[in-house]
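Report on one structure; see the data block that follows.
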């Protein structure tokens, strides 16, 4: 667009300039070359006022930096030539020509380099606001790739563009995952946005940022839409040549134009935003997959526990059934009735407690971290483990240090960590084996949860893979249990380690921060 107006101005001015040459060839006509300058300035003024295509700041910045660079190179060079001529006491044309050519060669090499080095300093000194907003755009492009939440990313992008560029409006349209339709994700314009479908055609055609005035050459309907909405710039979001969204910016409040350099910076921001949006989408899909895996692992653990609990439920029910069979014959025996009542209530309470613990473990909800007292939280879990262990003829022992502090954790995930570790120890132990669980305080404001067994142990070459998904040393199992334990421990700011000796068993150590330490780390 800028080239178009420059060409038009040149064509209009050329006939007037030619009138300056005609008198030389004997044509009697008044020279009108100066009048052509009036038309040229008029065309340039129209371009600035109507389309805001001439970046005066850009011309001034380049001009100042070039002038300074030329001065720094040519003045010392000229002085050097003068000193050389004085020292040689000669004005030989050949020598002076060679010196001049050498200076010209040096200038061609050094002036661009000096100009590039000086331009940043010129911007800082004479155009600080201009320099700051370009720096902020570069920082924004680099920072976006670290944001993994889609809405936070969109809000940060829209707020930053609106504030840094000081534009009247900023609308961000994103392509829906399931369809190619655009949906408004960041509305800031006072008037409602147009139908997003109308912008799909704009996005399909664009490969780089474009000014609204340049849309006329692409599609008149799109240009009319932008004029109606007072939009100034369209910035496509694309990844691997796949359209992912569109950013449209309104006019600048101080009537500053968007230069070619601005569009290059906005293209860099758009590239960073496209990558960040893809990362956010992949992160969201990963969280969904992890939730599915965690749920599958939870159900697998519940299935294993249910098998052991079924045996624990059957025994008290058999006792109650036996008393009920004898009840018709012993209705007149007060002592029998008393014993029957006490035993039945005790056994039924025991069954109810087991079912309550199992249901509590099976609940799936959004993680919510808080201060968790380990004793009341984990004792019911260990009690469930004892039922499964007895069925396999394995003894489970639990030790809770009375001085162990509370940890900052999600109670359900904490239970799942212990269930997975203890079940893993039970399943790898032979009949007659032992499994120990201990919770104790540790230095540096932390708590250690230890699960130890006297099973066959894990070979040293397999220890580094023990927390990898789908890796298992057991004949049965998915290999997800320990991988999820590792993930949940890390998400809680903790560390899990394993020590094992073949033939002597394994020890899993989970170190978690206490509630005060975790709160201090998060600043809450």
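Numbering (this note's numbering), first residue to last: 221 to 744.
Ideal Cβ positions, reconstructed from N, Cα and C, are used throughout, including at glycine.
Here the structure is a predicted model, which means the values were calculated and not measured.
Out of curiosity, what's the CA-to-CA distance linking residue i and residue j?
i	j	result
residue 742	residue 389	Caution is warranted here: a pLDDT of 48 is assigned to residue 742, below 50, making its placement in the model unreliable, and the coordinate value is therefore given only provisionally. Rounded to whole angstroms, residue 742 to residue 389 spans 35 Å at the Cα level.
residue 486	residue 645	56 Å
residue 447	residue 631	57 Å
residue 628	residue 715	14 Å
residue 679	residue 366	39 Å
residue 608	residue 565	23 Å
residue 557	residue 551	7 Å
residue 290	residue 298	11 Å
residue 284	residue 339	8 Å
residue 748	residue 722	What is shown of the chain runs 221 to 744, which leaves residue 748 out entirely.
residue 377	residue 496	11 Å
residue 392	residue 508	25 Å
residue 666	residue 621	13 Å
residue 473	residue 732	53 Å
residue 453	residue 318	51 Å
residue 466	residue 423	6 Å
residue 386	residue 402	25 Å
residue 292	residue 303	17 Å
residue 671	residue 654	11 Å
residue 411	residue 327	Any reading at residue 411 must be qualified, since the residue scores a pLDDT of 46, below 50, and its modelled position is unreliable; the value itself is stated next. Approximately 55 Å between the Cα atoms of the pair.
residue 170	residue 330	Because the chain here runs from 221 to 744, residue 170 falls outside it and cannot be looked at.
residue 324	residue 341	25 Å
residue 440	residue 363	36 Å
Once you ignore the five residues that flank residue i on each side, which residues in its own chain have a CB closer than 8 Å to its CB?
i	result
residue 384	353, 356, 357, 360
residue 602	616, 618, 638, 642, 657
residue 626	591, 592, 593, 594, 734, 735
residue 500	367, 368, 369, 370, 373
residue 606	616
residue 724	674, 677
residue 464	394, 395, 457, 458, 494, 497, 498
residue 471	387, 388, 450, 452
residue 726	645, 648, 672, 673, 675, 677, 678, 718, 719, 720
Could you give the first and the last residue of the continuous alpha helix (DSSP H) run that contains residue i?
i	result
residue 734	No alpha helix (DSSP H) holds residue 734; DSSP gives it neither H nor E.
residue 463	Careful: residue 463 lies outside any alpha helix (DSSP H), inside the beta strand (DSSP E) at 462-470.
residue 376	370-385
residue 681	680-683
residue 402	Looking at the DSSP string, residue 402 is not in any alpha helix (DSSP H); the run it does join, the beta strand (DSSP E), is 402-406.
residue 602	594-611
Which same chain residues, not among the five before or five after residue i, have their C-beta less than 6 Å away from its C-beta?
i	result
residue 640	701, 705
residue 598	638
residue 380	360
residue 428	487
residue 295	none
residue 430	454
residue 272	Because the pLDDT at residue 272 is just 48, under 50, the model does not fix this residue reliably, and the point stays unresolved.
Three-state secondary structure (DSSP) at residue i?
i	result
residue 561	helix
residue 412	Summary for residue 412: the model assigns pLDDT 47, below 50, so the residue's position carries little reliability, and this model does not support an answer.
residue 654	strand
residue 303	helix
residue 367	coil
residue 196	No information on residue 196 is available, as it lies outside the stretch 221 to 744 that the chain covers here.
residue 274	Low confidence applies to residue 274: its pLDDT is 49, below 50, so where it sits in the model is not reliable enough to give any reading.
residue 545	helix
residue 481	helix
residue 711	helix
residue 296	helix
residue 625	coil
residue 457	strand
residue 508	helix
residue 503	helix
residue 661	strand
Give me, in chain order, the residues of the same chain whose beta-carbon lies closer than 7 Å to that of residue i; leave out the 5 immediate sequence neighbours on both sides.
i	result
residue 683	718, 720
residue 489	357, 360, 361
residue 589	628, 629, 630
residue 624	594, 659, 660, 661, 667
residue 287	none
Which residues mark the beginning and the end of the beta strand (DSSP E) in which residue i is found?
i	result
residue 446	First-last for residue 446: 440-449, but that is the alpha helix (DSSP H), not the beta strand (DSSP E).
residue 668	666-673
residue 183	Since the first and last residues shown for the chain are 221 and 744, residue 183 lies out of range.
residue 435	Segment: none, residue 435 is in no beta strand (DSSP E) and carries neither H nor E.
residue 615	615-620
residue 391	390-395
At least 3 beta-carbon pairs within less than 8 Å: the region 647-663 vs the region 710-719: With a cut-off of 8 Å, the region 710-719 and the region 647-663 do not count as touching, because too few Cβ pairs lie within range.
Inter-stretch contact at 8 Å, needing at least 3 Cβ pairs: the region 333-340 / the region 366-378: With a cut-off of 8 Å on Cβ pairs, the region 333-340 is not in contact with the region 366-378, counting fewer than three such pairs.
Segment contact, 8 Å Cβ cut-off, at least three pairs: the region 502-510 with the region 469-485: At 8 Å Cβ cutoff, the stretches do not touch.
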